[in-house]
Amino acid sequence: MNAPNLDVLASPKGGEVRAEGGLGRAIGRAFTANRLAVLGVGLIVVIVAFCFLGPLLYHTDQVYTNLTAANLPPSAAHPLGTDYLGYDELGRLMAGGQSSIEVGLAAAVMASAIGVAWGALAGYFGGVVDAVMMRIVDIVLSIPGLFILLFVATIIPPTLGTMIAIIALFAWLIPARLVRGEVLSLRSREYVQAVRVMGGRGGRIMLRHLIPNAIGVIVVQATFQVADAILIFAVLSYLGFGLSSPAASWGEMLSSGTPYLYDDYWWLIYPPGVAILLIVLAFNFVGDALRDALDVRLRQT
Amino acid sequence: MTSYLLRRMGQTLVVLLGVSVIVFALTHLLPGGPARAILGIRATPAAIAAFNHANGYDTPVYLQYFSYLSSLLHGDLGFSYTQNQSVASLLAQDIPKSAYLSLLALVISIVVGLPLGIAQAVRRNRFLDYAVTTGAFLGYSMPVFWLGLLLITWFAVDLSLLPPEAPQTATLAGALADPAAMVLPVAALAIVSIASFSRFMRSAAIENLAQDYIRTARAKGLTERTILARHLLRNALLPIITLIGLSIPALVAGNLVVEQVFNYPGVGLLFFNAALRRDYPVEIALTLLGSALVVVGNLVADLAYGVADPRVRLA
Amino acid sequence: MGELLDIKNLRTDIQQRRSVVHAVDGVSLTLGEGQILGLVGESGSGKTMTGMSIVRLLPPGGHIVGGSITLAGRELTALDDEAMRRVRGNEIGVVFQDPMTSLNPTMTIGNQIAEAVQGNRGAARERAAETLDLVGMPRARERLDNYPHQLSGGMRQRVMIAMALASDPKLLIADEPTTALDATIQEQILDLLESLRARLGMGILLITHDLAVISRYADQVAVMYAGRIVETGPTGPVLRRMRHRYTEALMAAVPRRDQDAGIDLYSIPGLPPDLSDPPAGCRFHPRCLFSQDDCGATDPPLVTVAPGHQHACLHPVTYTAGSTLKLTERASDGRRVIDARAVPLVEVRDLVKEYPVTAGLLQRRVGAVSAVAGVSFTLTPGETFGLVGESGCGKSTLGRALVALEKPTSGSIIFAGHDITAMPAGELRRIRRDLQLMFQDPYASLDPRMRVGAILREPLAIQRIGSRRDQDRRVGELLEEVGLRPSAAQSYPHEFSGGQRQRIGLARALALEPKLVVADEPVSALDVSIQAQILNLMRELRERLGLSYVIISHDLAVVRYMADRIGVMYLGKLVEIGPATDVSDHPAHPYTEALLRAVPDLTSAGRATPATNGASPARPAVRGELPSAINPPSGCRFRTRCPRAQELCAEVEPPLRPFGPHHLAACHFPLRAPLPVEAGLHAPASPGT
Amino acid sequence: GGGAESHPVGQRDTVTFAEGPGSAPNYIFPITPTQQFTTFTIQQFQYLMYRPLYFAPKGDQPVIDDALSLADEPVYSQNNTVVTVNLKTTYQWSDGEPVDARDVVFSLNLFKAAIKESPANFGNYSPGEIPDNLASYTATGKYQVTFTLTRSVNPEWFTTEQLELLTPLPLAWDKTSATGPRGDYDLTPAGAKQVYDFLAGQAANLSTYATNPLWQVVDGPWRLTSYSPTGQLTMAANPRYGGPYKPAIPNFEELPFTSEAAEFNEVRAGTIDIGYVPPDDFPQLAAIKRGGYQVVAVPQFFIGYLNMNFNNPAAGPVFKQLYLRQALQHLVDQPAIIRGVYSGYAIPAYGPVPVGPPNPYASALEKRGTYPYSLAAARQLLASHGWSVIPGGVDTCLNPGPAADQCGPGVARGAKLEFTIDYANAIQPTATQVSAMKSDAARVGIQLDLRGAPFNTILAQDSACTPGQSACAWQMSDFGGIQMSTYPTGDVLFETGGALNSGGYSDPTADKLIEATLYGNDPNALTAYEDYIARKLPVIFQPDPDYVAVVKSDLATEGTFTALTQANLQPERWHFTS
Ligand SMILES: Nc1ncnc2c1ncn2[C@@H]1O[C@H](COP(=O)(O)OP(=O)(O)OP(=O)(O)O)[C@@H](O)[C@H]1O
Ligand SMILES: Nc1ncnc2c1ncn2[C@@H]1O[C@H](COP(=O)(O)OP(=O)(O)OP(=O)(O)O)[C@@H](O)[C@H]1O
Ligand SMILES: [Mg+2]
Ligand SMILES: [Mg+2]
């Protein structure tokens, strides 16, 4: 009656495996569980749709100025009034959003790409290469950001492309540092050593192991950088280093609206400001949630 | 310790040298030059040539750089042609004002932000936490110039409670004499940094609250208040030291955007105007100063860290 | 009656976002004054939560949902938070597992201890010095102003204990107080606790996962499984004549000093249950070899079999024939007779590895960590070589050098006739197939971004072995070989348990069909039941594939069970090397002997009555802690801690001398006389002195 | 208690005046180098202490004010090659010495020494003009100076543009060091250089402006009592002032501002007595009036224009076509700009001489306007010269060649009407005007690409060049415009090689006409010049905005406050009414 119950041995010796899906899915779950994250993504979707699809539904003339219709208060014809050139403010908000979002995304992507390459190389090679590369980062990083941005902006005529380049030029430093630190710590992970033991070379280690594992950190950072780039773009525009009409940006809209602060032309001050606030907020939400989700993942493994 | 300081000093010099090369190259390799900007619209070609010659702008860039460096080593920061003053005297005049503004804002954000952050950590996921978190997110997503404009619209234009701009004064004394005018600029700065201080403090405190040593303290039967004051605070403040170190440059280099929005004649505005007018000596000197401060800020933070954290040996 | 602590039917839940973890689910315990109650069980069984429920220091979301806890007659569950706080300050002391993180890094230890004392500052400081002295801190008074980071791990744990004792508690809860420490230090700390309990007359709740520790130190034992006590009673009877099937299985899974190397360890199949949704009935039944239909249906009640000895099993061990666990016996004990004439697979000669210590901007070299300091030995094909020693003695460094992960400072490693330390990269890549490494940390050794299939295919891809299809087939084979379903290839590492991951790590090491696998602490991160699975698997594969292993471990029992030969390292030096049984049964070096004695062993479980009289059995104590490897002691590196050390030891480095067939030790004053020189001649690789 | 609820009349003893944004007066020595040579430094600072030989403008009119000048109207003789200047005898320096011929000679000696050292040492110096065109200058009496010129000049020009630059200096300054004795050092060139260097050195030390005894020797109605390098300064009445209008308010204060907005905030708050309203804030003038200010708005003596680079390789040949410039001028919607940008506070401008303020120079043609806003006219001009006119697109030249109905010499088939405009984006009126123009131009198929940049960046790149140079990349540029000097001729603006002729416009006829305004003696020379330029359009003219000054209601002046609109600051004429 005390015969061994062999049923318990029926499963493979190693036991069964929980099916949870890849890390991406785990992060995704943690992410979607975060209400702010969902709100952030929702905001981004709405704002992007507003800026890029809005003009398809709401046609306005964003090319020809109309000084006789300048600074009109909101009305049926112009739900958010008009600006100093007579452009419809609502349509302008869409056009300005396009450039602001484009600059934000492109600058973040560019900065991340440069930063990842730089940081990964420095972290992987270590030693003198690392020391020199990081000293360069230190040097550029120690220049007060806005100073150097203004400096460069006074020299280079602002277009969408140059704005992206200027912002990215000084935004890649942070991801470079971050990725270097990450690579430095990942480099000594056991699974990287395992690849060495198998005879795997640097390129494989870097591309298959180090960078994919640093990707979370990179994406989080890039998300924050979109927010930062949009803010910086707005600040530069506000300070007078923005795109020229008829190109629009939210920062420039605010900048050209400030003279009318005392005229109670609220439609020139609130909409672009709120738009900047919302998009930056959204990216911050998403970045924050991504970081938390990633932390959850890190805690799990 | 001395050797540590010496070494850090050496690093600082390397960084500053690098910065000076970058900035110098940016200003001097580009076409146009400062002459027309400085001499004004009516400058004759002869006057421009004379100006360029007098200031060495007609010599090779590397020579200009070396002569700049050598005068820098002699303590000469340069001369602002447009303002007919030495850069040093411009700084002497504007630094105290910027420091006053930034220091006020910094103190307020520390005094408000840190307790907020701790309170959030202690009441994590309760109403207070959510409210402050939302506020903090709004705070640091807000373009500071827009915040400034809103404050002006509400408190100066609509309510006429406060002056719309910072004290328009040459001296610190003048700024001190007009506290009402400082309210809005300080508020604009402080709101943004309270957001980041509280957020930072919150996560530092949460992280530390989860640490084993807090559990140890509880196991000793200490009251929560004692635990917060004696154990949590000091440890959670450690990362804040770095944040404060990062604020040091602004104490001297000013806050360009806020100074611009509120027309506060500080170092930030000095730089802004110099950039607009291509006042290169001012631009270069301020950028160098800013960089030096960043480096010094880091050093101060590290030193403070060394004092606050017994684990850190500065060697 | 006279019980100090009486827990009745304690239930503690931890509320989580989506579920409730029933971490403690009906636990009853009693602990008398001056007694040590050992609470033992696998990871996650609820030991810590039980302890923390007593002092009400539960994690966020945790709360006691039922039962009672009385301390010296006072009901604790009824106290409000403020009263409970006072209980913590005065009546109960707690020692946590990790002395590294459990002390406030920015406060002096004097203040931290004094803080636990009522009264004014001066008196508190005085008391702090007193308690520090009591816990055996040398120069206690001077240490008061030290910060935790200035102390070693053992010293910190003493500080933790002093802190817990400062207010003269009646009850001390020690949660894995020595798990983070080396065996020699563990012994010091546990001895200290034992002596304090006698001197101060307090009760100690000793929480541990280590049955051997229990067997040496506890008067009473309670075995926990999945939030419940499954068996409890006096240590001797419970460990020697356990009744619960879980206790039985656990005991069978632990390698003992006298473990027959011919018999597999018993490994408990499966994994412990998820406490948010535990199985109905007996919680152990899904993993129990003796479970029957009723086990899944009825909650087994606690049955008293002898005074104080209770268990909760429907079909307990009866000690009649056929009812005990039958363990697989192997044809031979698997141990290889050392063949001195065989062509060595690996020959290590005078291996030295120093890590530069640098400082400053220019990374100037200011010193060196002497991690491995002139080690020589050989390995014959198919042999398993065990490497033991305290943390930081250079085991891993040596292991990594063996697989050419680390370039030695000097010396050579000859593998299959080639010196791998001086090999061009291309050639080395080819030879890497034969040298593989198995890692300690099952979490860090698998790339979390890769599916298991890709992880296992990677070595094949790197070495360009076979077509993609061949590789996939091989992945399936490998998984099967280590006891996983081939479908596991589609999963990610985080979906596996620790033991499963270690299997994958082993599979990866085997993918290239190596000749030598260096396994660095392959089981130290695993629970005993899982540890047994891995050890069995490794043994099985060794036989099937004719592998050689170098097994690195701080656990002598594991090494002795697995290895043909053992090398004992101390601070970069190989101090003793020889056949496994010989070294562990008749050590020649005082360090080996101390190490052996320091580790409690289950062999004696219950035989000797535990030391209830307070006098610990005389064991040769190793003093102090491992010195720094930056400036190792001159002469014999062990001399600073050796009870036998004399002047000579400081001056002359002792050479390896023979003490038996293939048995060498490096000691001026060994435990037994060395053999005459000739006898050692045919010892493999006797290094030049 | 029943204390004073408002200040008694006698207690307001200081009148405050707002300086222009970021333009604090920062040079006290009247031989002012180019970089400090601004109206803020000269007219609104130095003139209050050191009166020029000939004072202009007169009220708001760009002519010499005889009453305020130190000398009587000059007498020209010998075919306008000899000029005799008789100083008034009523003026004296505050150290008691008279303002006499010697002082004029002294100042000229230093002037020569200064520009010999560097042409940048005097702001309005142009090579070949004063003092280069003086063969000699001698004191021919205690109060008489005689200038012998190297060539015959147009007296009107010479008085208003050349003699106006002279400011007599006190002999108390004839020193080479602060402590050394005073002497006649200036009489030798070497000595003059030493004196100049000494004085320029003293002037570089801003913080001592109010304390250095040198600068306290004044002949104007005011002397400096405090000065901060930021530009905050106070002046007190000079009791020895010998001219008309003795100060009624004992103290005068100037306040510096970092930006227009900052200044206007103070106006809005009512804290300054005299300020100005930037164009951005014209919509608020009504509120300002309600707030206790009188508003004084008069057009500036200023021409706004959009520059074209005639030497740009791509655009230059097109810009050289008169019909195209006419078409561009037709595209400037001046009425809309005046309404939309300036709230009506501006006047249209079609030529090189401002029509306002009222002045003797503007011709009938200018007042009538040449090429008013007309899309149809622009389209017609293009179409009739061989261009495909594609509204919203880019016009191309279909019919190249020099004939009257062809695109014109140098314009190739397929050439496109596509230009970039670099403009100063911090100036909102400029930004608005180019934006509007871009929009209008697009309607006739001229594509203008706008590139905003800081004012000084525009200025720096807007320079004369030759086609091969990289500096010639700019095509059109708009930095606002320039303030005209008293006699509005075009020697610097439109003459070949003129300092301000950055577009490289070169027209022998124009050169000749300009020459005549300077050196001929035809009183109609100026009209001929301006009508010619208004037809030829070397630049595209833009409206002339008003300068809007605001004055506290309780402040009154002898005459009118309109003088303020021309940077003519005379606080000695002011008094409080309540
Ligand atoms: N902070 C927590 N939040 C949620 N669940 C927890 C927490 N701490 C422990 N648990 C769960 O409670 C159960 C009991 O945990 P406990 O820490 O008491 O186990 P243990 O026996 O001490 O294990 P170990 O040997 O690993 O320390 C486990 O299932 C564990 O997952
Ligand atoms: N990369 C390294 N750089 C510097 N020192 C090192 C490095 N790796 C190891 N050491 C030092 O070398 C010595 C031996 O380390 P090793 O890891 O080989 O010890 P171990 O016996 O494996 O210890 P453990 O049981 O803790 O794993 C230690 O003092 C360690 O601090
Ligand atoms: Mg535990
Ligand atoms: Mg190790």
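Protein chains in written order, with the numbering used here: chain A, 1 to 301; chain B, 1001 to 1315; chain C, 2001 to 2689; chain D, 3001 to 3578. By construction, the Cβ of each residue, glycine as well, lies at the ideal position given by its N, Cα and C atoms.
| Asked | Found |
| --- | --- |
| To the nearest angstrom, report how far apart Q2533/C and E2480/C are at their CA atoms. | 15 angstroms |
| Should E2176/C be counted as a contact of ligand 3 given a C-beta to heavy atom distance under 7 angstroms? | yes |
| Going along chain A, which residues have a C-beta under 9 angstroms from F2439/C? | E190, Y191, Q193 and A194 |
| Give the range of the alpha helix (DSSP H) segment to which Y3519/D is assigned. | P3508 to Y3519 |
| Can you list, in chain order, every residue whose CB sits closer than 6 angstroms to a heavy atom of ligand 2? | Y2355/C, V2369/C, A2371/C, G2389/C, S2391/C, G2392/C, C2393/C, G2394/C, K2395/C, S2396/C, T2397/C, H2554/C and A2629/C |
| Expressed to the nearest angstrom, what Euclidean distance is found between the alpha-carbon atoms of V3009/D and L1101/B? | Summary for V3009/D: the model assigns pLDDT 45, below 50, so the residue's position carries little reliability; its value from the coordinates is reported in the next sentence. Spanning the two alpha carbons is a distance of roughly 38 angstroms. |
| Assuming G1297/B and F147/A make a contact with CB atoms under 8 angstroms, what is their CB distance in whole Å? | Not quite, the Cβ-Cβ distance comes to about 15 angstroms (not below 8 angstroms), so this is no contact. |
| Output yes if chain B places a C-beta closer than 8 angstroms to the C-beta of D2098/C; else output no. | yes |
| For T2640/C, which of R2623/C, P2654/C, L2484/C and H2589/C has the nearest alpha-carbon? | R2623/C |
| From the DSSP output, in three-state form, read off K1220/B for me. | coil |
| Tell me whether F3147/D sits in a helix, a strand or coil according to DSSP, three-state version. | strand |
| Closest to R3368/D by CA distance: which of G3356/D, K3246/D and T3081/D is it? | G3356/D |
| Look at the alpha carbon of P3508/D and the alpha carbon of Y3532/D, and state the distance between them as a whole number of angstroms. | 12 angstroms |
| Give the straight-line distance between the Cα atoms of L2510/C and R2503/C, rounded to the nearest whole angstrom. | 10 angstroms |
| Under DSSP, the beta strand (DSSP E) around R2657/C begins and ends at which residues? | R2657 to G2660 |
| Tell me whether T1216/B, by its Cβ, gets closer than 7 angstroms to a heavy atom of ligand 3. | no |
| Going by DSSP, which residues form a beta bridge with G3304/D? | G3481/D and Q3542/D |
| When you compare only the Cα positions, how much space is there between L160/A and S2410/C? | 59 angstroms |
| Identify every residue that forms a DSSP beta bridge with Y3137/D. | F3147/D |
| Does Q1260/B have its Cβ less than 8 angstroms from a Cβ in chain A? | yes |
| Name the chain B residues whose beta carbon is nearer than 7 angstroms to that of N3265/D? | P1164 and E1165 |
| Give the list of continuous beta strand (DSSP E) stretches no shorter than 3 residues that lie fully inside the region 119-186 of chain A. | none |
| Which runs of the beta strand (DSSP E) at least 3 residues long sit entirely within the region 1006-1044 of chain B? Give them in chain order. | none |
| Around ligand 1, what residues have a beta-carbon under 6 angstroms from a heavy atom of it, in chain order? | I2014/C, Q2016/C, V2021/C, A2023/C, G2041/C, S2043/C, G2044/C, S2045/C, G2046/C, K2047/C, T2048/C, M2049/C, P2059/C, H2209/C and L2275/C |
| Rounded to whole angstroms, how far is the Cβ of R2508/C from the Cβ of L2456/C, which I believe are closer than 8 angstroms? | 6 angstroms |
| Buried or exposed: F2496/C, going by 16 or more other Cβ atoms within 10 Å of its Cβ? | buried |
| So, is the C-beta of G3477/D closer than 8 angstroms to a C-beta in chain B? | Just to set this straight, residue 3477/D is Ser in the shown sequence, not Gly. Closer than 8 angstroms: no. |
| Measure the C-alpha to C-alpha separation of A3327/D and A3453/D and round it to an integer number of angstroms. | 26 angstroms |
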